Amino acid sequence: MTLAAHGLSIALPAGWSGRVFSRAGSVATLHAASFALALDDGEFGDRTTSSMPPGASFLALTEYLPGAGLRAGSGLFAATRIPRRLDPASFGAAKLAHRRPGHVGMQHFFSASGRALCLYVVIAGQRSERRAQLAILDRVLGSLRIEPRP
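The numbers in the numbering used here rise by one with no breaks, and the one at position 130 of the sequence shown is 130.
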C-alpha cells in the first residue's frame, strides 16, 4: 500500500497501517506502524505508541511551519539527509517523547524540498528483536518521497 497526500508519499508493507494528515492551519504529518494506529492521535503518535506490542515499529514524519526564526535548511533543520538507513546506535530510551518500558526511539531533524521536518521512530521489544525491525524500517524509509509543499 502506498500512502500519498500533502506532498508526502511512502510505501508500506502488508499488515502495516498509515495515514497522512494535516490539521486546520497546520502542516503535514505522516504516521506509519506495523500495528493499528490509534485514532485522533497527535503529531508524534503518543496514543499509538502507548499501545505498541513487543516487536512493533512506529514512525512519524512531522513538518514544522516556518516562522519565528524557524527555517528549512538552517539551525535544527540544517541537515538535508533524509534518513534511509537507521543507525541502531541512534536509538535510546532518552530519545522518546514519553518513556515507556521496552521502547527505544530516535529523532532526526532535517530539511527536504524546502520543508522543515522531523523523523521520529519508536521500536518496542527486546534488543534481539530490534535488528529485524530496523531492516523493515529501512525498506519503508527507502520509499519515502518528499515534494515541495503543495
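Where is the CB? At the ideal position from N, CA and C, for every residue including glycine.
In this text, all values refer to a predicted model and were calculated from it rather than measured experimentally.
Minimum Cβ-Cβ distance from residue i to chain C less than 9 Å
| i | result |
| --- | --- |
| R19 | Of the chains in the structure shown, none is chain C; there is only one protein chain. |
Helix, strand or coil at residue i according to DSSP, with G and I counted as helix
| i | result |
| --- | --- |
| E129 | helix |
| I136 | helix |
| T48 | helix |
| S90 | helix |
| G142 | helix |
| L39 | coil |
| L96 | coil |
Status (buried if at least 16 other CB within 10 Å, exposed otherwise) for residue i
| i | result |
| --- | --- |
| S34 | buried |
| R85 | exposed |
| M106 | buried |
| G45 | buried |
| T2 | exposed |
| H98 | exposed |
| S111 | buried |
| A68 | exposed |
Whole-angstrom C-beta distance between residue j and residue i, which should lie under 8 Å
| i | j | result |
| --- | --- | --- |
| A72 | R115 | 6 Å |
| Y120 | L76 | The Cβ separation is near 14 Å, so there is no contact. |
Per DSSP, the bridge partner or partners of residue i
| i | result |
| --- | --- |
| S22 | A28 |
| I123 | S57, V104 |
| L3 | I10 |
| L70 | G67 |
Residue i vs residue j beta-carbon contact at 9 Å
| i | j | result |
| --- | --- | --- |
| P88 | L134 | yes |
| R56 | A124 | According to the sequence shown, residue 56 is Ala rather than Arg. Yes, Cβ-Cβ distance for A56 and A124 is below 9 Å. |
| P54 | Q126 | yes |
| D41 | H31 | yes |
| L37 | G15 | no |
Check: residue i C-beta below 8 Å from any heavy atom of the ligand FAD
| i | result |
| --- | --- |
| P83 | This structure simply doesn't include the ligand FAD, nor any ligand for that matter. |
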